[in-house]
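Q: Numbered according to the numbering used here, the sequence shown spans residues 21 to 434.
We treat Cβ as the ideally placed atom computed from N, Cα and C, and that holds for glycine.
Sharing a structure with you now.
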Amino acid sequence: MSDKRNDIPGHGPEGLIRRRDFVSGLPLALALGASSMARAAVRPPLPRPAHVVVVGGGIIGVTIAWHLARRAVRVTVLDPTPGQGCTQGAFAMLIAGQPEGGSEEFNALYVRAVADWRRFQAETGNVLPIQWGGTVNWAAPGDRADTMAADWRRLVSWGVGAEAIAAGDVARLCPGALPGEFGAGYFMPDQGAVDIDGVMTVLQAQAVRAGVEFRRMSVVDLPRGEDGRATIMTEHGPIVADHVILAAGAGTTALASRLGAHIPLDLVSGTLAHSKPMEPVLHRVLNGPLGSIKQNPNGTIVTGLDYAPGASGTDISEAYGRKLFAIAARTVPALKDAVLDKMTLGYVPIPAEGRMPIVGPLAPAPNVYVAAMMSGVTMAPLMARMIAAEVVDGIRVDMLAPYRPDRFNPQWNA
21 MSDKRNDIPG HGPEGLIRRR DFVSGLPLAL ALGASSMARA AVRPPLPRPA
71 HVVVVGGGII GVTIAWHLAR RAVRVTVLDP TPGQGCTQGA FAMLIAGQPE
121 GGSEEFNALY VRAVADWRRF QAETGNVLPI QWGGTVNWAA PGDRADTMAA
171 DWRRLVSWGV GAEAIAAGDV ARLCPGALPG EFGAGYFMPD QGAVDIDGVM
221 TVLQAQAVRA GVEFRRMSVV DLPRGEDGRA TIMTEHGPIV ADHVILAAGA
271 GTTALASRLG AHIPLDLVSG TLAHSKPMEP VLHRVLNGPL GSIKQNPNGT
321 IVTGLDYAPG ASGTDISEAY GRKLFAIAAR TVPALKDAVL DKMTLGYVPI
371 PAEGRMPIVG PLAPAPNVYV AAMMSGVTMA PLMARMIAAE VVDGIRVDML
421 APYRPDRFNP QWNA
């Protein structure tokens, strides 16, 4: 009888990672690097879970499921509309810098997360639709340019690959682009972007072939479990599992509150315009005064204003979509021929107090684990790898120490 786990590229019987391999901590060292392994600690582990339920079928949840299936864990993903929550509205840029208001340690997490996408790309068989041309960032003269220049200095001081650019460099890096008024800018060659729909299609298919079960249903309650197990109440009845991972995006706060946990998330909405496929126009992501623009490997153009003047966080009308492409064409004139295909509305869950991830078990129910963060597309492969190590092996990953849910729940340490 064939082993479904073999359907995850690179993990046939001869390459399958087994539990006994983790006695020495080698797989975690491979995942995080030797220096991080030296700082990892083993906590008194829960029994190795035979069945894990992941609540949430977005990029975070599906990537976690992919990694758990690779570890020979039975996985069930619960989501009424997999991939259609926060994920479907993501611009899906791989961000290797988070300097504004963040620490060097936090920024290093982003750098590492982007690097892990290259590893993940290989692990999935080099079939993920990723653009690795880097990002070109610039601002018009004024406060935004001053902030961008300060961000560049901070990134460089942290050793991040960020190259200062002048107005003429925009057209050099992106032939045909018009920078307009230019105040400051920088190029980040190690960044990229993904076609999020294409990535989700690949990951869901690989996960299913590896044995992951996707069930289209809503979770209505998360009562405390008994005998070391957890019971998830769905609209169709209870499901019992050894471990539950809450990766429900905007829904995580309400579910965690059922267990007495405070997981504070602010929701920010945004809309994007997507074109029908075009001939190649861009091989890099543009983040300029008139919004963000990228071209997916399949030829579709995606653009949005983010926080630029005139941006709407909720308008998904055809008229607004045409407006977005008209604005984008002022930066890339070739986009005057873009034909609107669809609009998407997405919500970004932003953790309170510094926007840092909230990742880890909940003290009232140690077999319930939270995975909530912004920049979910960027973070997914690295976070999923570390979360799988914590859940399956009882490894407490030191890199995740600043991001535990305990920081919002001081009563757990009283």
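Our contact map puts ASN307 next to ASN157 with C-beta atoms below 8 Å; I'd like the distance itself, whole angstroms only.
A: As a position in the sequence shown, residue 307 is number 287, starting the count at 1. As a position in the sequence shown, residue 157 is number 137, starting the count at 1. Correct: roughly 4 Å between the Cβ atoms.
Q: Could you tell me if LYS362 is buried or exposed, where buried requires 16 or more neighbouring beta carbons within 10 angstroms of its beta carbon?
A: As a first step, residue 362 must be located in the sequence shown, where it is residue number 342. With fewer than 16 Cβ atoms within 10 Å of its Cβ, LYS362 is classed as exposed.
Q: At what residues does the alpha helix (DSSP H) containing GLN141 begin and finish?
A: Here residue 141 is taken as the residue at index 121 of the sequence shown, counted from 1. From DSSP, the alpha helix (DSSP H) with GLN141 extends over 124 to 143.
Q: Going by DSSP in three states, SER312 sits in which element: helix, strand or coil?
A: Counting from 1 along the sequence shown, the entry for residue 312 is found at position 292. Looking at SER312 - three-state DSSP - the assignment turns out to be strand.
Q: Based on DSSP bridge pairs, tell me the residues matched to MET363.
A: Start at 1 with the first residue of the sequence shown, and residue 363 comes out as number 343. Its beta-bridge partners are ALA293.
Q: Quick one: measure Cβ to Cβ for ALA261 and ARG278, integer angstroms, because I've assumed they're closer than 8 Å.
A: Counting from one through the sequence shown, the residue named residue 261 turns up at place 241. Counting from one through the sequence shown, the residue named residue 278 turns up at place 258. So it is not a contact: roughly 15 Å between Cβ atoms.
Q: Is LYS314 buried or exposed, if buried means 16 or more other CB atoms sit within 10 Å of its CB?
A: Mapped onto the sequence shown, residue 314 falls at position 294. Result: buried.
Q: Less than 6 Å between C-beta atoms, sequence neighbours within five positions excluded: which residues of the same chain meet that for ALA348?
A: Residue mapping note: residue 348 aligns to position 328 of the sequence shown, counting from 1. ILE313, THR323 and LEU355, listed in sequence order.
Q: Is the CB-CB distance between PRO401 and THR272 below 9 Å?
A: Taking the first residue of the sequence shown as 1, we reach residue 401 at position 381. Taking the first residue of the sequence shown as 1, we reach residue 272 at position 252. No.
Q: Check each candidate in GLY154, GLU233, ALA186 and ILE80 and name the one with the smallest Cα separation from HIS71.
A: By 1-based counting over the sequence shown, the position of residue 71 is 51. Closest option to HIS71, Cα to Cα, is GLU233.
Q: In whole angstroms, give me the CA-to-CA distance for ALA409 and ILE415.
A: Indexing the sequence shown from 1 puts residue 409 at position 389. Indexing the sequence shown from 1 puts residue 415 at position 395. Near 6 Å, if we compare the C-alpha coordinates of ILE415 and ALA409.
Q: Would you say LYS296 and VAL214 are within 9 Å of each other, going by their C-beta atoms?
A: The count along the sequence shown starts at 1 and reaches residue 296 at position 276. The count along the sequence shown starts at 1 and reaches residue 214 at position 194. No, they are not a contact pair.
Q: Between the C-alpha atoms of ALA159 and ASN318, what's the straight-line distance to the nearest angstrom?
A: By one-based count along the sequence shown, residue 159 stands at place 139. By one-based count along the sequence shown, residue 318 stands at place 298. The straight-line gap from Cα to Cα measures roughly 28 Å.
Q: Nearest to PRO381 by alpha carbon, out of CYS194, PRO309 and VAL412?
A: For the purposes of this step, residue 381 is taken as the residue at position 361 of the sequence shown. Closest option to PRO381, Cα to Cα, is VAL412.
Q: Any idea what DSSP makes of LEU175, helix, strand or coil?
A: Translated into positions along the sequence shown, residue 175 becomes position 155. Correct three-state label for LEU175: helix.
Q: Taking the continuous alpha helix (DSSP H) assigned at TYR340, which residues delimit it?
A: On the sequence shown, residue 340 is found 320 positions in, with the first residue counted as 1. Looking at the DSSP string, the run of the alpha helix (DSSP H) that includes TYR340 is 338 to 351.
Q: Just to check my reading of the structure: ALA89 and ALA268 have Cβ atoms closer than 8 Å, yes? What is that Cβ distance to the nearest angstrom?
A: The residue you call residue 89 lines up with position 69 of the sequence shown. The residue you call residue 268 lines up with position 248 of the sequence shown. So it is not a contact: roughly 19 Å between Cβ atoms.
Q: Quick one: using the 10 Å Cβ neighbour count with 16 as the cut-off for buried, is GLU143 buried or exposed?
A: By 1-based counting over the sequence shown, the position of residue 143 is 123. With 16 or more Cβ atoms within 10 Å of its Cβ, GLU143 is classed as buried.
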